[in-house]
Amino acid sequence: MQLKTIFNRVTNYKPFVVDHVELTEDNLLRPTIEITMRARENGLPTCSGCGERCSGYDTQPTARRFDFVPLWMIAVVLVYTMRRVNCGTCGVKVERVPWAEGKSPLTTEYQWFLAGWARRMSWKEVATSFSVSWDHVYNSVKHAVSWGLSRRELDGIESIGVDEVQWKKGHKYQTIAYQIDAGCKRLLWIGPDRTAKTLLRFFRFLGKQRSQTLQFVCSDMWQAYLKVIAKKVPHALHILDRFHVMQKMSKALDEVRAAEVKQLKADGYEPVLAGSRWLLLKRPENLSEKQAVKLDKLLQYNLKSVRSHLMKEDFQRFWTYTYPAWAGKFLDAWCVRAMRSKIEPMKKMAKTLRNKRELLLNWFRANGEMSSGVVEGFNNKLKLITRKSYGFRTQK
Ligand SMILES: [Zn+2]
Numbered sequence: 003m004q005l006k007t008i009f010n011r012v013t014n015y016k017p018f019v020v021d022h023v024e025l026t027e028d029n030l031l032r033p034t035i036e037i038t039m040r041a042r043e044n045g046l047p048t049c050s051g052c053g054e055r056c057s058g059y060d061t062q063p064t065a066r067r068f069d070f071v072p073l074w075m076i077a078v079v080l081v082y083t084m085r086r087v088n089c090g091t092c093g094v095k096v097e098r099v100p101w102a103e104g105k106s107p108l109t110t111e112y113q114w115f116l117a118g119w120a121r122r123m124s125w126k127e128v129a130t131s132f133s134v135s136w137d138h139v140y141n142s143v144k145h146a147v148s149w150g151l152s153r154r155e156l157d158g159i160e161s162i163g164v165d166e167v168q169w170k171k172g173h174k175y176q177t178i179a180y181q182i183d184a185g186c187k188r189l190l191w192i193g194p195d196r197t198a199k200t201l202l203r204f205f206r207f208l209g210k211q212r213s214q215t216l217q218f219v220c221s222d223m224w225q226a227y228l229k230v231i232a233k234k235v236p237h238a239l240h241i242l243d244r245f246h247v248m249q250k251m252s253k254a255l256d257e258v259r260a261a262e263v264k265q266l267k268a269d270g271y272e273p274v275l276a277g278s279r280w281l282l283l284k285r286p287e288n289l290s291e292k293q294a295v296k297l298d299k300l301l302q303y304n305l306k307s308v309r310s311h312l313m314k315e316d317f318q319r320f321w322t323y324t325y326p327a328w329a330g331k332f333l334d335a336w337c338v339r340a341m342r343s344k345i346e347p348m349k350k351m352a353k354t355l356r357n358k359r360e361l362l363l364n365w366f367r368a369n370g371e372m373s374s375g376v377v378e379g380f381n382n383k384l385k386l387i388t389r390k391s392y393g394f395r396t397q398k
């Protein structure tokens, strides 16, 4: 059987046909299957502006390449020289092809393929596994989401989570909003950056009426989000989720440790903190036996890192309370201890927690009323981001 036969079987790109298939190498000498497409004789091109068939204007000087789903781990590329049309409505425009949208260098098939994997693995893992850029994965997910948006039932959403994902290294962010109701968890929206404007755009997309039905909004402590949520959904219970609070605490602890390592070295002490990063950051129950012994030894030193670690572990108790009032008492006492510690990053953490006291206590106010699905949503937040559905309501 020929490759061409298989390709024609899995695609339907009429009125385009496969001209020829070639096994070549890319510039890194990796094998690549190139499938060169051509328009059928007399087949009029379609205007990318209005979708009407028009007469041809000219042909672009160079061919475009579109990544298709790899076969036997070999990259598959569609090669096609785009034509331009002379459209009565839109003027001179590039033609529309059935395998890709706009300027995307990925075929729609490949985007769905990547977006499908992005539900099971982190975006970064997908990028690595299929040797594509992070942007390609991101754009594929975005494509899947916007495809879903036009076919999606958005009424009756009660709980949403707002989160940020960092785009590459550096400081490019994307804001993600997802539904975290018990029976329906899905990605609702993605937008560039993490400013107040970004989130305002989400609420505009959701609409005033649907925002009214929201009962729970879950987010991290990012100020821009807090502001917009307070303004747009003042009636909903706004909850700072455990995952992000503890993540912030870990960052503070890491800061303490890094500074102390430097200090000890400068003062000529033995490097007791060498290799201690995970010992201090991991939950004790997640440490191996060897690591636990090492941590025990480390705890004998009266180091700032050790004290910060103990403070962080102590704070875990906060989440075990049932009543907001008792949790509040614990929080206040913890903050007093942190302020007295004379450890700057921990003091800063305490100030933040004091500042967000009411939002933190909403966690307990919500506990009784919220469906278990939402609570589960908080705990599995990281996993949830990538395990959402695109578009259809799914039963759990
Ligand atoms: Zn047109």
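To convert, note that position 70 of the sequence shown is 72 in my numbering; the numbers rise steadily by one, no gaps.
Built from N, CA and C at the ideal position, the CB exists for glycine as well.
Every value quoted in this text rests on a predicted model; they were computed, and no experiment measured them.
By the Cβ neighbour-count rule, residue 210 is exposed, with fewer than 16 other Cβ atoms within 10 Å of its own. Relative to ligand 1, the beta carbon of residue 99 is positioned no closer than 8 Å to any heavy atom.
Within the chosen limit of 8 Å, ligand 1 does not reach the beta carbon of residue 103 with any heavy atom.
Listed in chain order, the non-local C-beta contacts of residue 66 below 7 Å within the same chain comprise 82, 84, local neighbours out to five positions each way being set aside. Taking 8 Å as the upper bound for CB-CB distance, residue 52 and residue 26 are not in contact here, some 36 Å apart. Leaving aside the five residues that flank residue 232 on each side, none in its chain has a CB nearer than 6 Å to its CB. Residue 53 has its CB nearer than 8 Å to a heavy atom of ligand 1. Apart from the 5 residues on each side of it in sequence, residue 145 sits with its Cβ closer than 6 Å to the Cβ of 113 in its chain, given in chain order. Straight through space, the alpha carbons of residue 87 and residue 60 are spaced by roughly 7 Å. At a cut-off of 8 Å, the beta-carbon of residue 128 does not count as near ligand 1: no heavy atom of the ligand is closer than that.
In this model, residue 124 and residue 177 are separated by some 16 Å (Cα to Cα). For the 9 Å CB-CB criterion, residue 348 and residue 255 form a contact.
Put simply, of 338, 75, 157, 164 the residue whose alpha carbon is nearest the alpha carbon of residue 355 is 338.
About 22 Å separates the CB atoms of residue 156 and residue 196; that is not less than 8 Å, and the two are not in contact. Residue state for residue 175 is assigned as strand, using DSSP reduced to three classes.
Nearest Cα to residue 320 within the set 220, 353, 345, 359: 359. Across the structure, residue 95 and residue 105 are spaced so that their CA atoms are roughly 13 Å apart. Taking the Cβ atoms as the reference, residue 107 lies roughly 18 Å from residue 18, outside the contact range of under 8 Å. Bridge partners of residue 168 according to DSSP: 175.
Between the C-alpha atoms of residue 224 and residue 208 there is a straight-line separation of about 21 Å. For residue 24, the enclosing beta strand (DSSP E) has its first and last residue at 18-27.
Within the chosen limit of 8 Å, ligand 1 does not reach the beta carbon of residue 96 with any heavy atom.
CA-CA distance, residue 368 to residue 179, rounds to 19 Å. Here residue 199 is exposed. Its C-beta has fewer than 16 other C-beta atoms within 10 Å.
Taking C-beta atoms as the reference points, residue 333 and residue 241 fail to come closer than 9 Å. Counting only runs of at least 4 residues, the segment 219-263 fully encloses the following alpha helix (DSSP H) elements, listed from N- to C-terminal order: 225-234. Counting C-beta pairs closer than 8 Å gives fewer than three between the segment 246-253 and the segment 288-303, which falls short of the contact rule.
Of the residues 76, 69, 271, 330, the one whose Cα lies closest to the Cα of residue 103 is 69. Looking from the CA of residue 139, the closest CA among 160, 115, 214 belongs to 115. Within the same chain, and ignoring the five residues on either side of residue 306 in sequence, the residues whose Cβ sits closer than 7 Å to its Cβ are 258, 262, 345.
In the three-state DSSP reduction, residue 348 falls in the helix class (H, G or I).
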